[in-house]
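For the record, the sequence lines run as chains A and B. For what it's worth, our numbering labels the leading residue of the first sequence as 586, then goes sequentially. For what it's worth, our numbering labels the leading residue of the second sequence as 744, then goes sequentially. Just so you know, even glycine gets a beta-carbon here, dropped at the ideal spot from N, CA and C. Take a look at the structure below.
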Amino acid sequence: MKKFDKDRLILALGGPALAIVVAVALTSVVLIASGRSPVEPYALMAEYAAHSDIQVLIVNQAATYYLAALAVAIGFRMNLFNIGVDGQYRLAAMVAALVGASVTLPGPLHILLILVVAMLVGAFWAGIAGILKTTRGVSEVVSTIMLNSIATSVVAYLILPAQFGEQRGNNLTTGEIPESGWFPGIELGAAGEIYGFVVVAALCGVLYWLVLNRTRFGFDLRATGAGESAAIASGVDAKRMVLTSMLISGAVAGLAGMPILLGDAHTYSLDFPAGLGFTGITIALLGRNHPVGIALGALLIAFLDKASATLDYNGYEKEIAMIMQGMIVMAVVISYEAVRRYGLRRQQQKVGEELAAAAAATDGTGPENRKEVSA
Amino acid sequence: MANHDIHLSVRKGTVHAIVGENGAGKSTLMKILYGMQKPDEGTITVDGQEVSFSDPGDAIDRGIGMVHQHFMLADNLTVLENTVLGSEKLYGIGARARTRIKEISDAYGLGIRPDARVEDLGVADRQRVEILKVLYRGARTLILDEPTAVLVPQEVDALFDNLRELKAEGLTVIFISHKLGEVLSVADDITVIRRGTTVASVNPADVTAKQLAELMVGAELPSPETRESTVTDTPMLEVKGLTLTENDPVDGARTVLDDITFTIRKGEVLGLAGVEGNGQTELIDALIGTRRPDGGTVTLGGEDITAWPTRKRREGGVGYIPEDRHRHGLLLEAPLWENRILGHVTEAPNSKGVWLDIKSARSDTERIVTEYDVRTPGIDVTAGSLSGGNQQKLIVGREMSHNPRFLIAAHPTRGVDVGAQAQIWDQIRAARREGLAVLLISADLDELIGLSDTLRVMYRGRLVADADPATITPEALGSAMTGAASGHLEDEEPGPARDGGEDR
């Protein structure tokens, strides 16, 4: 049976590889069309990323992306499109920053409190979409997109000085979290500091894999994604499953802002990074919802983000990296579907062949009453 | 090999029926005639000209159109829009198309309303839209794949009237079915297919339903005769006054289950006969717990389970062989061992506490594959890559492995080859001997009569008749299924030997 496993591994790697090759090729076409060198930008970026301080930036950025992508992937595994990770993590980061700045607790407790608040707020915001879907049948795609823009408004309102915010020059912030609420980083000298939260993100990935693949709950969740009617008949309460996975997805989304908040910014301000949720969708797709795949995808996108800074200094627009990200999304969707269909067809053929071979080998009872009629 | 040595000739202006058991190769033959599948060898001749179809478009060009068993209509478009969709070049999409639709509808008495939305139409109307679509595209030969499977008897009659109209206008109809009564009433010629090959061409005037049935299954009717009764006096499943109403967009509230009451005792197989769509699906849903009834109680082994969710019922010993195994019984893209877990994820050997026990689940899957003769190269292949019969054997093996007290077996041998069929019957009979209570729902009357201890007939959401399988004939059962007879059905010998079910 190892043969099928090997096949599956090749197919699993084939999709992303094909997607990236296609994306690079298409980006090169864009470069040629605009009269530029089709290879130099890649060389520049690779060279730039060889610097250890850039590598630290990439890893830190990847941790944030990883959490956002995990949140999206949890939904994807049961055919739920949580487009609202973006709103969920921003609202969660803002409220967590507020709470964190207004209390003083001994170190670990302080951090724990901030994390719990962030997860609760993220889960709450996603839960609204979950409840709308289970009670009123509202598509989670529509409701989470709307909740994104409501979150933007809510954050903008709460951060006003008249509410909870503080004016700092041109910026509005939620006030600084005391040092007991900072997550210790990994000091690398001149290269900078890797967020300690990178470890937490990795642990989340392990937990994600463990829960989905090794628990009853995970099986029910995957079954619902693979065939909802079959899952219902098998005893899964589909509505509760929608709500639960929405809550978990939101809670993980709530963590997505934490690497920056606890490791670097220590406050939520107007320039807190936005758009992580959408990048997370790209990465979850690219990583095929697999924790290792998502990690590689997060590193790739973080590399494009951070290494593209060098293009500006060398006469290229750094938007080339954005074009490539866009190409990757398209190529991923197309190549995965192509590879999936090819894989299914190939397996069907193989099963047919192996059975025919087995029947020929043990041809005892005669072919007449052994054959399967497929009509 | 689904088809070999098929010889079929259809005369113009006739209704030609093709009959055969489930899985005999009827649908494959039709796919070849309609260009969806290419034959390995042999020829097709239309109007004296040899043709070769590489896709359905070629077939339509030759005037051959197909009405599929599963309708291919866009629900939120109107009848007119559905009809012109993909054939905009023929008569445009406006007034000319509307005129043409009216012409066709009037010529063949189809009674089409071009501006009705498809989602508001009933099943029979949708089927007429499918027929219209094919005629609109210029078909002179229509292939109908099991058109009556989804219809209630009155609708079947109406359909047959339509078919006669088509015939009168010189069109040719190829009619695929395994329902012999219908075939005899509407067909001009009958071709019988068995195990992928044509075994006979007969004139309906010369044969009886019984002769036709024998031709279909071969000389020996595999009638599973095990008449030693294993029925005990202990009730296992008691259903009292089960009622379910459904909101239908056309007819408003519709009672789909009307005061259903029956008891199945330990070791008893209760067979439920009925034309599809008379409430069987809803009854199954209510018993497995995926649909809440509006009234009535379900009791399993003395315990009231009416309020139990599906999972608790499954854990409590309700086995389930669903009627649509692809939608309700399997995860097609998941490997066999995961499918073995499906439906029993909380039970040994699949899990320990909240954790899956993958090792045991896998080795138990190996056991099922061996014991139930599932033909597969291994347990890591996806369920979708197995043939229908092997998928069904896996499901049967899975459900039997949890020692059910009560088994819902809906069409347990549908689409299964003859060998696997006998095997599945054996397994149900063996479990029955150990005290299993079975609700058997099947469109195959011989299977029902052969396997059941008690028979009930369902018609329009009600149990209208009961019968003793030892004495009943398929004909008598068939007439009750169409609502023509009710009460206790008896044939020539009304022996009081066994109770038909006074518990009603």
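Just curious, the beta strand (DSSP E) that residue i is in, first and last residue?
i, result
"Ala1153 (chain B)", "1149 to 1153"
"Ser1106 (chain B)", "No beta strand (DSSP E) contains Ser1106 (chain B), which is instead part of the alpha helix (DSSP H) from 1101 to 1114."
"Thr1197 (chain B)", "1197 to 1202"
"Glu751 (chain A)", "751 to 753"
"Gly712 (chain A)", "Per DSSP, Gly712 (chain A) belongs to no beta strand (DSSP E); it is in the alpha helix (DSSP H), 692 to 721."
"Thr1042 (chain B)", "1038 to 1043"
"Ala1210 (chain B)", "1205 to 1210"
"Thr758 (chain A)", "756 to 758"
Going by beta-carbon coordinates alone, are residue i and residue j separated by less than 8 Å?
i, j, result
"Arg873 (chain A)", "Gly692 (chain A)", "no"
"Gly1014 (chain B)", "Leu1191 (chain B)", "yes"
"Ala880 (chain A)", "Tyr633 (chain A)", "no"
"Ile886 (chain A)", "Val657 (chain A)", "no"
"Thr975 (chain B)", "Lys1009 (chain B)", "yes"
"Gly766 (chain A)", "Ile699 (chain A)", "yes"
"Thr934 (chain B)", "Asp748 (chain B)", "no"
"Gly1059 (chain B)", "Glu1142 (chain B)", "no"
"Ala1153 (chain B)", "Pro1212 (chain B)", "no"
"Val680 (chain A)", "Ala653 (chain A)", "no"
"Leu853 (chain B)", "Asn905 (chain B)", "yes"
"Leu914 (chain B)", "Leu885 (chain B)", "yes"
"Met843 (chain A)", "Ala628 (chain A)", "no"
"Asp822 (chain A)", "Pro1120 (chain B)", "no"
"Arg1083 (chain B)", "Ile1101 (chain B)", "no"
"Ala930 (chain B)", "His759 (chain B)", "yes"
"Gln748 (chain A)", "Gly707 (chain A)", "no"
"Ile1138 (chain B)", "Leu1182 (chain B)", "no"
Starting from residue i, trace the alpha helix (DSSP H) in both directions and tell me its first and last residue.
i, result
"Thr915 (chain B)", "Looking at the DSSP string, Thr915 (chain B) is not in any alpha helix (DSSP H); the run it does join, the beta strand (DSSP E), is 915 to 920."
"Asp890 (chain A)", "876 to 892"
"Asn1082 (chain B)", "1079 to 1084"
"Leu927 (chain B)", "923 to 929"
"Thr826 (chain B)", "822 to 827"
"Glu873 (chain B)", "866 to 879"
"Ser848 (chain B)", "838 to 850"
"Met731 (chain A)", "725 to 743"
"Ser687 (chain A)", "670 to 687"
"Gln1023 (chain B)", "1023 to 1031"
"Ile1192 (chain B)", "1188 to 1194"
Per DSSP, which one or two residues make a beta bridge with residue i?
i, result
"Phe863 (chain A)", "Bridge partners of Phe863 (chain A): none, in fact."
"Ala943 (chain B)", "B:Val935"
"Leu1182 (chain B)", "B:Leu1013, B:Ile1151"
"Val1061 (chain B)", "B:Phe1149"
"Ile886 (chain B)", "B:Met809, B:Ile917"
"His1231 (chain B)", "B:Asp1209"
"Asn990 (chain B)", "B:Ala996"
"Lys983 (chain B)", "B:Thr1040"
"Glu1046 (chain B)", "B:Leu1043"
"Pro1217 (chain B)", "None; Pro1217 (chain B) has no bridge partner."
"Pro978 (chain B)", "B:Arg1008"
"Ser920 (chain A)", "None, per the DSSP bridge assignment."
"Ser854 (chain A)", "A:Thr758"
"Lys1095 (chain B)", "B:Trp1098"
"Thr1125 (chain B)", "B:Pro1078"
With a cut-off of 8 Å, does the C-beta of residue i fall near any C-beta of chain E?
i, result
"Trp1051 (chain B)", "Judged by its chain identifiers, the structure shown contains no chain E, and its protein chains are A and B."
Taking 7 Å as the cut-off, is the CB of residue i close to at least one heavy atom of the ligand FAD?
i, result
"Ala787 (chain A)", "Absence of the ligand FAD from the depicted structure is noted, as is the absence of any ligand whatsoever, leaving it without description."
Runs of 4 residues minimum, wholly inside the region 769 to 829 of chain A: which ones carry the alpha helix (DSSP H) assignment? 782 to 799, 801 to 811, 813 to 818
### Task
Pull out every residue of the region 807 to 825 of chain A whose Cβ sits closer than 7 Å to any Cβ of chain B, in chain order.
Ala808, Ala811, Gly812, Ser814, Ala815, Ile817, Ala818, Ser819, Gly820, Asp822
Runs of 4 residues minimum, wholly inside the region 755 to 811 of chain B: which ones carry the alpha helix (DSSP H) assignment? 769 to 776, 799 to 804
Report the residues of the region 1083 to 1095 of chain B with a CB closer than 9 Å to any CB of chain A, ordered along the chain. Ile1084, Leu1085, Gly1086, His1087, Val1088, Thr1089, Asn1093, Ser1094
Next on the checklist: Counting only Cβ-Cβ distances shorter than 7 Å, please list the residues of the region 782 to 801 of chain A near chain B, keeping chain order.
Outcome noted: Arg799, Thr800, Arg801
Exercise for the section: Scan the region 591 to 648 of chain A and note each continuous alpha helix (DSSP H) run of 4 residues or more that stays entirely inside, going in chain order. Expected result: 625 to 633
Contact residues within the region 1025 to 1037 of chain B, judged by C-beta distance below 7 Å to chain A: Ile1031, Thr1033
Chain A contacts made by the region 1178 to 1211 of chain B, where a contact means CB separation under 8 Å: none
*Listed from N- to C-terminal order along the chain, which residues in the region 851 to 866 of chain A have their beta-carbon within a distance smaller than 7 Å of any beta-carbon of chain B?*
none
| field | Within 8 Å of chain B by C-beta, residues of the region 912 to 936 of chain A in sequence order | value | Leu929, Gln932, Gln933, Lys935, Val936
* Short-range partners of chain B found in the region 661 to 672 of chain A, where Cβ spacing is below 8 Å -> none
**Asked** At a Cβ cut of 7 Å, what residues of the region 849 to 860 of chain B count as close to chain A, listed as they run along the chain?
**Response** none
Using a Cβ-Cβ cutoff of 7 Å, what residues of the region 619 to 630 of chain A are near chain B? List them in chain order. none
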